[in-house]
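What follows is one structure encoded as structure tokens, with my remarks underneath.
Number of protein chains: 2
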Amino acid sequence: MTELSEAMRVDFAAGVARSALAGPTGDFAGWLADCRARFHTRVEPVPLDRLDGWSVHPETGDIGHHSGKFFTVRGLDVEVAGAPVPRWSQPIISQPEIGILGILVREFDGVPHLLMQAKVEPGNVNGVQLSPTVQATRSNYTSVHGGKAVPYLDYFRDTGRHTVLADVRQSEQGAWFHRKRNRNMVVLVDEPVEVLDGFCWLTLAQVHQLLRLDDLVNMDTRTVLCCLPFSGAGLAERYPGVDGFRADLVHALDEGAATAHTMGEVLSWITEARTRHDVRVREIPLNEVTDWRWTDGRISHDTGLFFDVVGVGVTAAGREVGRWHQPMLRPRGQGLAAFLVRQVDGVPHVLMHARVEPGYFDVVELAPTVQCTPDTYDKLPAEARPEFLDEVLAADPSRILFDAVHSEEGGRFMHARTRYVVLSSDADVAADHPDYRWLAPHQLATLLRHSHYLNVQARSVLACLHSLVTPEGTP
Amino acid sequence: MTELSEAMRVDFAAGVARSALAGPTGDFAGWLADCRARFHTRVEPVPLDRLDGWSVHPETGDIGHHSGKFFTVRGLDVEVAGAPVPRWSQPIISQPEIGILGILVREFDGVPHLLMQAKVEPGNVNGVQLSPTVQATRSNYTSVHGGKAVPYLDYFRDTGRHTVLADVRQSEQGAWFHRKRNRNMVVLVDEPVEVLDGFCWLTLAQVHQLLRLDDLVNMDTRTVLCCLPFSGAGLAERYPGVDGFRADLVHALDEGAATAHTMGEVLSWITEARTRHDVRVREIPLNEVTDWRWTDGRISHDTGLFFDVVGVGVTAAGREVGRWHQPMLRPRGQGLAAFLVRQVDGVPHVLMHARVEPGYFDVVELAPTVQCTPDTYDKLPAEARPEFLDEVLAADPSRILFDAVHSEEGGRFMHARTRYVVLSSDADVAADHPDYRWLAPHQLATLLRHSHYLNVQARSVLACLHSLVTPEGTP
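Pasting the structure below:
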């Protein structure tokens, strides 16, 4: 495998900077409009017990595909010692395979471009969104099932002639998936690449500007994006003419910038959190979950909160043609994921939350400062409200650095939307608070070289935060 | 929590150097002889189905304690797709709790000393061995069961006034334990510490010299030791007057030393290995394992290979007094764990093996170049022999840099001994070999700041390799 030396890797931060500051190129709007005109899906509700190709197991109630492929909807029994709700059960998507989410990068005139894909997925609220070059399940990439070849997959399966910029397994929603992880990869190629229908080279500046629009840059893109080597040394000179918060942010991505806590402290805090929390999780038959019920061919919680498991029939037209049925998870209410940002020693820091979710591979991951579905708390006593939620909801617009609504994975989740916010704040927490720590963005970049430290919501907000190095504009 | 700054952390490598080069202090030999005279255990065989306090479950055959505490002997069903033996089952020790292994460090006249404990454990071949300051199970440290207080535990539970030098969860034997992990901690204190009976302050030089003796520095000490911050910048001046291989080793611990592969490459290799291997493991009732049988109150494999599960009755005298029964795992044959070491660009590198073991938390960990029980292969065809085994067994003594036999954990394993070898080698492997990579020792130190990268055998050999910075001598 060819790989950047550490010096070259850090140096690629210069490429990232060139790409993030690039001027407009190509007719992105025209390409997107064309894709939108040609690629679409029609989605209709279908009762869960009448999905073609899927069946409800007569004994367990589990919902699985006849082939044994894709995923299974099962039950999860969860015990979290000492938590406000110390035990519950719920439906969960069981999909233990590790897929690949990969973005191909190539330099044009010295400016790295990302090969993005216009992809329609049934759960999207608006049809086409921008996805990574490759979204492949393990079945896809091992060709176990002899399915249709995934375009560009070989660049990620055989990296020998290329340069791997990022390669790490990361978790997905721990409240909805049990131990779901994908391999997040960024591969730099130095050879001509055929651009297939539905694909387009974009600069990071373009992707960053698109991130400010609602429901366009999909979840898989956001999580891979944030693994790009944004941090480095001597970054200020890479971003000439940048000032204000943008300059502060560039400084905060510099590995030499001051930090509220050392990496040793941060790692020890994570070790302590992962040791302290006693979380016991086991998959159970779906018909053994309590407080959930089948009604009209879907599964809902008795309170009407959390999510429903629903069935859909999909008709896709365009590049990917087909008709299929599948179960999906449809959240109740819009999510919120917010970073509180505060200057510490002149360096913007992000308040990270050590969060337990039942589906995590390793007990606790670092989540955004606030991550919840706000509507849920309207029906609960005031003391149940998440910390810092009210600060985010009541924030003066002048303090909001980033604010957009994005979609979660459209292949599993139906109209799952989250408001992503980055908020300038004066909040503080005790330096030895068990659940919160202020981290500098370059520390988050260090953690992202390893698996399972940042959860998918944190990775999404971090991609949004990174996007602020790019000036506003029309891609 | 007080924590070293990164600069101070690196600077503590200077303390490590002072401690590793310290001259003899105190009457260690006298203290050890005194402990050996006073602390001992008597161990007698007891049939597994006649262990006081333990019972064989009438349906599952699992062997558990009446209290539900300690550990359970269960079965493990293992599938490793594509492996020479793609499916097997075996007995396994199930102990999912995370305990604490901690060494307390204090500077005397500027030289860090480690508070070591003389501890007898029933599985030891020779009674007393040197253990960390604290070996505590989760039941001990959460006081759930109101047991006897563990001395010095508070230094590791409440680190607020102290300095955490290392704090990371690491796996133990993946062939014998299912998902067993301990939290490895090193805590630096700056206040007087009472030295209780059976405890003694030792310099790193003393511990390093003791590592060259057989069966004295126990497994828990070795794994915590190797997490000390050995690597740093500008190390050469920290080790004045050091020459030959010792000087090369100091250079290899310097974070600026050249490497055969970048950390990005190493991390991508690990990600690839953890994604490529399809390992499915589930606990099953002990009486469902195949090819194992109960004979004369113990459980053995039909071939007589691998290990036996045996019962013992223990009578302990000295500081820890008591009588108890327990099951133990007794390996057949002595193990071998060896590092092949080779100069790459003038820097000694270690050949690491990406190894699958069924009990690992995360599929693959980095193991020594060779890790096996050599006798096993006398009964198997030549092509089954592990790579590099013959090079180690036939090595000319002039190439052997380290060679000692150490005991594995004496609380669970009966007379489990492993020969630890560091061997200078001319071996080479393809740069893109899927299973092997040459890593510089400072890269191993970087990986050791995170959980689950190096297996327990690799951590033991690494502690032995580190010990070579200390001149030979009598502690």
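Quick note, the sequences are listed as chains A and B, same order.
Residues in the first sequence are numbered from 756 upward in steps of one, following this note's numbering.
Residues in the second sequence are numbered from 756 upward in steps of one, following this note's numbering.
Every residue gets a Cβ at the ideal spot worked out from N, C-alpha and C, and that includes glycine.
Which residue from the options puts its Cα closest to that of residue i?
i        : options                               : result
P1082(B) : R1110(B), M1169(B), E1043(B)          : M1169(B)
G1066(B) : T780(B), P779(B), A1007(B), G878(B)   : G878(B)
T1030(A) : R1140(B), N939(B), P984(B)            : N939(B)
R1085(A) : V811(A), K824(A), P779(A), P846(A)    : P846(A)
A1093(A) : S1222(A), S810(A), L1106(A)           : L1106(A)
V833(B)  : T976(B), V1064(B), E1027(B), R1037(B) : R1037(B)
E992(B)  : R1192(B), A769(B), V1160(B), V1064(B) : A769(B)
D1100(A) : R1035(A), A1015(A), A1149(A)          : A1015(A)
C837(A)  : D1033(A), S822(A), Q1212(A)           : The question names Cys, yet the displayed sequence has Gly at residue 837(A). When each option's Cα is compared against that of G837(A), the closest is D1033(A).
G1090(A) : P1189(A), A1186(A), C1127(A), P841(A) : C1127(A)
A1122(A) : A1028(A), Q964(A), L1041(A)           : A1028(A)
N937(A)  : L1041(A), L1223(A), P887(A)           : P887(A)
L1041(A) : L1008(A), E1010(A), S844(A), T1229(A) : S844(A)
S1202(A) : M1018(A), P1152(A), R1035(A), F794(A) : The sequence shown places Leu at residue 1202(A), not Ser. Of the listed residues, the one whose Cα sits closest to L1202(A) is M1018(A).
Under 8 Å by Cβ, that's how I've got residue i and residue j pegged, so tell me the actual separation to the nearest angstrom.
i        : j        : result
V1125(A) : V1119(A) : 17 Å between Cβ atoms; not a contact.
R1078(A) : L1060(A) : The pair is not a contact, with the Cβ atoms about 33 Å apart (cut-off 8 Å).
S774(A)  : V866(A)  : 5 Å
R977(A)  : H1161(A) : 7 Å
A1182(B) : E1146(B) : 6 Å
A930(B)  : I1025(B) : So it is not a contact: roughly 20 Å between Cβ atoms.
G823(A)  : H812(A)  : Not confirmed; about 12 Å, so no contact.
Do we get a CB-CB distance below 7 Å when we pair residue i with the residues of chain B?
i        : result
S1222(A) : no
H1006(A) : no
T827(A)  : no
S1023(A) : yes
V923(A)  : yes
I1155(A) : no
H1080(A) : no
H933(A)  : no
H900(A)  : With a pLDDT of only 44 at H900(A), under the threshold of 50, the placement of this residue in the model should not be trusted; the figure read from the coordinates follows. It does not; no Cβ of chain B falls within 7 Å.
T1026(A) : yes
T1030(A) : yes
Could you compute how far the alpha carbon of residue i sits from the alpha carbon of residue j?
i        : j        : result
A740(A)  : R916(B)  : Chain A is shown only over 756 to 1230; residue 740(A) falls outside these bounds and no answer can be derived.
R893(B)  : G854(B)  : 5 Å
A921(A)  : L943(A)  : 10 Å
H1207(A) : C955(A)  : 30 Å
E1163(A) : D969(B)  : 57 Å
N1210(A) : C982(A)  : 12 Å
R1001(B) : R829(A)  : 57 Å
S986(B)  : A1200(B) : 6 Å
T1131(B) : G1166(B) : 24 Å
G816(B)  : Q850(B)  : 17 Å
I858(B)  : L957(A)  : 52 Å
L759(A)  : I1039(B) : Unreliable placement is indicated for L759(A), whose pLDDT of 41 sits below 50; the coordinate value is still reported in the next sentence. Distance between the alpha carbons of L759(A) and I1039(B) is about 45 Å.
T1045(B) : D1051(B) : 18 Å
D1063(A) : D1057(A) : 11 Å
R1097(A) : W1193(A) : 8 Å
V1021(A) : P1196(A) : 13 Å
D782(B)  : A792(B)  : 16 Å
I'd like to know if residue i contacts chain A, where contact means its C-beta is closer than 7 Å to some C-beta of that chain.
i        : result
V919(B)  : yes
I847(B)  : no
I1054(B) : no
I818(B)  : no
I853(B)  : yes
T815(B)  : no
R938(B)  : yes
H1205(B) : yes
- Is there contact here, the region 874 to 883 of chain B with the region 1064 to 1075 of chain B, by at least three beta-carbon pairs under 8 Å? yes
- Do the region 869 to 879 of chain B and the region 940 to 959 of chain B meet, that is, are 3 or more Cβ pairs less than 8 Å apart? yes
- Query: Do three or more CB pairs link the region 1175 to 1185 of chain B to the region 1214 to 1226 of chain B at distances below 8 Å?
  - Reply: yes
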